[in-house]
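**Q**
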Amino acid sequence: MLTMKKITQKISAFIFLILVFSSCEKYLDINENPNAASEPPIAGLLAHGTNASAISTFKVSNITSYYAQYLASPSIASDLDTYNSIDPSTEWTYIYDVLSDMHAMRNLAQSKNLGAYVGVADILTAYNLQMSLNLWGDLPYSEAFQGSTNFTPKLDDQQALYDSCLQLLSNGITILSDPAVQGQLAASSDFIHGGDNDAWVKTAWLLKARLLNEITKKSDYDPAAVLAALGNSYTSNDDDAQVTLFDGPGPWVQVAIDNANLNLDGWLSSYFVGTTNDSLYGYYDPRLPAITDTTRYGDYRGTQNGAGRVGSGTKQEETYLSEDKWYSTPGSPLQMATYVEAKFMESEAQFRAGHKPEAYTAYLDGIEANMRKLNLPDTAITRYTTLPAVAVGSANITLALIMKEKYIGCFLMPVTWDDMRRMDYAYKQFSLPANAQLQTFIRRIDYPSVEISTNGKNIPTVELTDHLWWDQQ
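Take 52 as the starting number for the sequence shown in the numbering used here and just add one per residue.
1. On the DSSP letters alone, give me the boundaries of the alpha helix (DSSP H) that V324 sits inside.
2. Can you give me the C-alpha to C-alpha distance between Y348 and E399, rounded to a whole angstrom?
3. Would you kindly work out how many angstroms separate the C-alpha atoms of H154 and T346, rounded to a whole number?
4. Using the DSSP secondary-structure output, state which residues sit across from T343 in a beta bridge.
5. Within 10 angstroms of its Cβ, does E369 collect 16 or more other Cβ (buried), or is it exposed?
6. Can you check DSSP and say which residues form a bridge with M449?
7. Please report the residue range of the alpha helix (DSSP H) in which Q523 lies.
8. Beta-carbon separation of D309 and D298 under 8 Å?
9. Could you give the distance in angstroms between the alpha-carbon of T41 and the alpha-carbon of P230?
10. Mind checking whether N356 and A485 have CB atoms under 8 Å apart?
11. Buried or exposed: where does L236 fall if 16 or more other Cβ atoms within 10 Å of its Cβ makes it buried?
12. For P465, which of helix, strand or coil comes out of DSSP?
13. Distance check for T144 and Y117, CA to CA, integer angstroms please.
14. Let me know if S196 comes out buried or exposed under the rule of 16 or more other beta-carbons within 10 Å of its beta-carbon.
15. Please state whether DSSP places V391 in a helix, a strand or coil.
16. Tell me, to the nearest whole angstrom, how far the beta carbon of N102 is from that of F242; I am working on the premise that it is less than 8 Å.
17. Could you check if L313 is buried or exposed, using at least 16 other CB atoms within 10 Å of its CB as the buried criterion?
18. Enumerate, from N- to C-terminal direction, the unbroken beta strand (DSSP E) stretches of 3 or more residues contained entirely within the stretch 393-450.
19. Tell me whether the beta-carbon of T327 lies closer than 8 Å to the beta-carbon of I459.
20. Out of T467, V169 and L190, point me to the one whose CA is closest to P511's CA.
21. How many Å lie between E409 and R360 at the Cα?
22. Quick one: what does DSSP say D207 is sitting in, helix, strand or coil?
23. Is the CB-CB distance between L220 and K259 below 8 Å?
24. Cα separation between F481 and Q218?
25. Looking at I137 and D130, is the spacing between their C-beta atoms short of 8 Å?
26. Quick check on DSSP: helix, strand or coil for I496?
27. Taking Cβ positions, are S320 and G362 nearer each other than 8 Å?
28. Within 10 angstroms of its Cβ, does F109 collect 16 or more other Cβ (buried), or is it exposed?
29. Apart from the five residues just before and just after A177, which ones in its own chain have a Cβ nearer than 7 Å to its Cβ?
30. How many angstroms separate the CA atom of D457 from the CA atom of D336?
31. Once you ignore the five residues that flank L450 on each side, which residues in its own chain have a CB closer than 6 Å to its CB?
32. Among L296, P274 and V252, which residue has its Cα nearest to the Cα of D290?
33. Determine the DSSP secondary structure at W256, reduced to helix, strand or coil.
34. Since I believe L165 is in contact with I93 (beta carbons under 8 Å), could you give me their beta-carbon distance rounded to a whole number of angstroms?
35. Buried or exposed for Q181, going by 16 or more other Cβ atoms inside 10 Å?
36. Decide if F395 is buried, meaning its Cβ has at least 16 other Cβ atoms within 10 Å, or exposed.
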């Protein structure tokens, strides 16, 4: 639930955008060039950077949610469902527009001695860069954002870019922790944290923990480092990095509206429905009705990835994102980093460190936090968290159970596909989609045609089964 402070900030932000961008057809139009001759207002760059980072999250999730089998296409053998090659030019272009804006904001902030904007630019750069790394691996970065001086930037090594993300987050933490930069951020232009420096510091620590937890296959993985970072991050759902105000309906809201208008998309996978209903684990999850409606038969029916819908699509014979549910109703948040994710990262790190009682406590805390965020009643929360199959006790907690609950708690978040690759897709009865174009699970996506056409000499030849550096032993 939003606090009165946050509601006031959202109203103020909306008024600010009407005033500042009234001359534009779209006040968050990414085609506006921040490097044009006229200097962009730094508050406008902040507004676009915070809002567009949420949109880039959606664009990435609208790919990864099919690979994680949150969603399934109603069309048989769709490219996303079946691991066929796709052209992610739209996603690439959008993310690089955000990165370019954050580069511009950083430079402008340094020239104006506005350190808080530098700190936010570094954090949002790390956020968008990590999402990109986990799709493509090697990326243009050190030679990018140079305008007309270099149209063919080299691709930096993905492991070096991972280290750059950690350094960017450390920079952001240091800068925004300085009392001298308090009050610099325009609250009405900050769609994520309303100009709150301390909130940005918490988010940076959570993103740092996410990076440190990503390398569980590597010899230098350190669960103590993950836990130390989490100790400086979120302490409740109120801390979450999320955006609720968009130029029109939120992205998942639009998917639900499209479904209502029979422009079919965002159908729930049979795997996700099976995980939350009762076919896979033998017990019902009360979060499912907060996500979707029952079918016309009065039950929940998912769509098998790659197989397509079973009916005509004109009647609700399978479940999909619908307009009145938590993730897809007007005003619902688009989540970027959450306390729920933090608790499950804590649980995993404690488990890997051999601290099963602490892992079990964090696991239960993560479930409860997710259910409370979805506004479930206390009775439903208690009923679920006391089920013998859920309340297994610290002696019986397993990594598989922790990751199963994180899978539900991080619904529609790109981090889940990262988790699945770290876990080698070892989720209960998780299988290849129907009509799969690969013999094994997908590990990365292709480089986009928009970059190949302009920078082809630097783009490596890759296979969709290639493991990224953190996905290798």
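Built from N, CA and C at the ideal position, the CB exists for glycine as well.
**A** Working from what's here:
1. The residue given as residue 324 occupies position 273 in the sequence shown. For V324, the enclosing alpha helix (DSSP H) begins and ends at S321 to T327.
2. Working through the sequence shown from its first residue, we reach residue 348 at position 297. Working through the sequence shown from its first residue, we reach residue 399 at position 348. Roughly 39 Å between the two C-alpha positions.
3. Taking the first residue of the sequence shown as position 1, residue 154 is located at position 103. Taking the first residue of the sequence shown as position 1, residue 346 is located at position 295. C-alpha of H154 to C-alpha of T346: approximately 47 Å in a straight line.
4. Against the sequence shown, residue 343 aligns to sequence position 292. Beta bridge pairing from DSSP links T343 with L372.
5. Here residue 369 refers to the residue found at position 318 when the sequence shown is read from its first residue. By the 10 Å Cβ count, E369 comes out buried.
6. Along the sequence shown, one-based indexing puts residue 449 at 398. Note that residue 449 corresponds to Thr in the displayed sequence, not to Met. In DSSP, T449 forms no bridge with anything.
7. What you label residue 523 is simply residue 472 of the sequence shown in a count that begins at 1. Counted as a single uninterrupted DSSP element, the stretch harbouring Q523 is not any alpha helix (DSSP H), since DSSP gives it neither H nor E.
8. On the sequence shown, position 258 is the one that residue 309 refers to. On the sequence shown, position 247 is the one that residue 298 refers to. The answer is no: Cβ separation not under 8 Å.
9. Because the chain here runs from 52 to 524, residue 41 falls outside it and cannot be looked at.
10. Within the sequence shown, the letter at position 305 stands for residue 356. Within the sequence shown, the letter at position 434 stands for residue 485. Yes. Within cutoff.
11. As a working mapping, residue 236 is identified with position 185 in the sequence shown. The residue is buried, with at least 16 neighbouring Cβ atoms inside 10 Å.
12. One-based indexing of the sequence shown puts residue 465 at position 414. Of the three classes helix, strand and coil, the one that applies to P465 here is coil, per DSSP.
13. Your numbering for residue 117 matches position 66 in the sequence shown. Your numbering for residue 144 matches position 93 in the sequence shown. Answer to the nearest angstrom: the Cα atoms are 21 Å apart.
14. Here residue 196 corresponds to residue number 145 of the sequence shown, with the count starting at 1. Reading off the sequence shown, one finds Phe at residue 196, where the question assumed Ser. Under this definition F196 is a buried residue.
15. The count along the sequence shown starts at 1 and reaches residue 391 at position 340. Helix.
16. Translated into positions along the sequence shown, residue 102 becomes position 51. Translated into positions along the sequence shown, residue 242 becomes position 191. Going by Cβ atoms, the distance from N102 to F242 rounds to 5 Å, so yes, they are a contact pair.
17. As a position in the sequence shown, residue 313 is number 262, starting the count at 1. Answer is exposed; the Cβ neighbour count stays below 16.
18. None, since the stretch 393-450 contains no complete beta strand (DSSP E) of that length.
19. Along the sequence shown, read from residue 1 onward, the residue named residue 327 stands at position 276. Along the sequence shown, read from residue 1 onward, the residue named residue 459 stands at position 408. Yes, the pair counts as a contact, with Cβ atoms nearer than the cut-off.
20. Walking along the sequence shown from the start, residue 511 turns up at place 460. Relative to the Cα of P511, the nearest Cα in the group T467, V169 and L190 belongs to L190.
21. In the sequence shown, counting from the first residue as 1, residue 409 sits at position 358. In the sequence shown, counting from the first residue as 1, residue 360 sits at position 309. In a straight line, the C-alpha of E409 is about 43 Å away from that of R360.
22. Translated into positions along the sequence shown, residue 207 becomes position 156. Residue state, collapsed to three classes: strand.
23. One-based indexing of the sequence shown puts residue 220 at position 169. One-based indexing of the sequence shown puts residue 259 at position 208. It is a contact, given that the beta carbons lie within the stated cut-off.
24. Here residue 481 refers to the residue found at position 430 when the sequence shown is read from its first residue. Here residue 218 refers to the residue found at position 167 when the sequence shown is read from its first residue. The alpha-carbon atoms of F481 and Q218 are separated by roughly 36 Å.
25. Counted from its first residue, the sequence shown places residue 130 at position 79. Counted from its first residue, the sequence shown places residue 137 at position 86. Remark: C-beta atoms of D130 and I137 approach each other more closely than 8 Å.
26. The residue labelled residue 496 in the question sits at position 445 within the sequence shown. Coil at I496, not helix or strand.
27. By one-based count along the sequence shown, residue 320 stands at place 269. By one-based count along the sequence shown, residue 362 stands at place 311. Result no, Cβ atoms of S320 and G362 do not sit closer than 8 Å.
28. Looking up residue 109 in the sequence shown gives position 58. The residue is buried, with at least 16 neighbouring Cβ atoms inside 10 Å.
29. What you label residue 177 is simply residue 126 of the sequence shown in a count that begins at 1. Here A177 has C216, L219, L220 and L258 as same chain residues with Cβ atoms under 7 Å from its own Cβ, once five neighbours each way along the sequence are excluded.
30. Your numbering for residue 457 matches position 406 in the sequence shown. Your numbering for residue 336 matches position 285 in the sequence shown. Note that residue 457 corresponds to Lys in the displayed sequence, not to Asp. Their Cα atoms are separated by approximately 13 Å.
31. Position 399 of the sequence shown, counted from the start, is the residue given in the question as residue 450. The beta carbon of L450 is closer than 6 Å to those of F402 in its chain, skipping five residues each way along the sequence.
32. Your numbering for residue 290 matches position 239 in the sequence shown. The residue among L296, P274 and V252 with its C-alpha nearest the C-alpha of D290 is V252.
33. The residue you call residue 256 lines up with position 205 of the sequence shown. Reduced to three states, the DSSP call for W256 is helix.
34. Taking the sequence shown and counting its residues from 1, the one referred to as residue 93 is at position 42. Taking the sequence shown and counting its residues from 1, the one referred to as residue 165 is at position 114. Sure, about 7 Å apart at Cβ, within 8 Å.
35. Mapped onto the sequence shown, residue 181 falls at position 130. Buried, because 16 or more other Cβ atoms sit within 10 Å of the Cβ of Q181.
36. Counted from its first residue, the sequence shown places residue 395 at position 344. Label assigned to F395: buried.
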